[in-house]
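All remarks here apply to the structure that follows.
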Amino acid sequence: MRRRTNTAAGVILLAVYWYFVIQLTGGTPTNFIIIRDFARTINLSLIPFHDIAEVLTTNDVVGSVIQIVGNLVMFVPLGVLVPLFWSGWRSPSRTIGLGLCMSLFIEINQLFTYRATSVDDLILNTLGAAVGWLCFLLVARLFGVDTRAGKRLEKLPIVILFAVWMCCIALELPTFLAY
């Protein structure tokens with residue numbers, strides 16, 4: 001019974017967290033379904049640390065901190081929640097790899113929504129997942145949670161992430177199709 005309760009809590013927390021990430025990043029391609037402006041170009045930055053350096057050279061200190069720290073902090077919950085509720089994800093490489101894949105997923109989706117797609121966002125999000133995994137490790141040790149990775153990699157977290165993404169698309173479709 002306790003395991004089911006823990007799994008249900010993990011499902012709810014991960015789903016709510018991911019919903020807010022998608023809403024914040026515009027991580028659905030719904031805007032692309034009805035193309036209105038073919039003249040718009042993709043804002044793509046593939047040079048590592050270029051955008052970070054550019055942000056740091058502006059006089060907007062608050063904006064710079066929000067841009068850099070925001071991308072870093074956004075994936076910390078992923079790095080904590082997934083290994084906390086699913087033992088198969090307790091390996092740092094698995095959790096950080098999931099952070100990398102989900103960040104790449106968002107960046108690819110942003111190609112279709114005319115938002116900026118940057119390798120620096122990918123780096124910062126992945127670093128955020130790593131920081132989250134370290135936070136998980138700290139919390140696990142403080143509360144006596146087993147930190148050994150399970151042998152089997154559970155699919156439920158991935159199913160949740162993609163299901164939430166599909167629900168976001170379904171919720172946005174009527175708005176875009178009404179135009």
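First residue of the sequence shown: 1, per full-length UniProt numbering; consecutive thereafter. All residues carry an ideal CB built from backbone N, CA and C; glycine is no exception.
Judged by DSSP secondary structure, N59 falls outside any beta strand (DSSP E); it is assigned neither H nor E. For T117, the uninterrupted beta strand (DSSP E) run begins and ends at A116 to S118, by DSSP.
Three or more Cβ pairs drawn from the segment 142-159 and the segment 73-87 lie within less than 8 Å of each other, which places the two stretches in contact.
Each residue's CA atom was taken as its position, placing A130 and L44 some 25 Å apart. Bridge pairing for S45: S118 [DSSP]. Distance between N6 and M166, taken at the CA atoms: about 24 Å.
Residue state for T7 is assigned as helix, using DSSP reduced to three classes. A straight-line Cα-Cα distance of about 5 Å links W89 and P83. Taking one beta carbon from each stretch, the segment 132-146 and the segment 51-61 have fewer than 3 pairs nearer than 8 Å; the two do not touch. The alpha-carbon of S103 is positioned some 26 Å away from that of P174. Within the same chain, L81 come within 7 Å of L13 by CB-CB distance, once the 5 residues on both sides are set aside.
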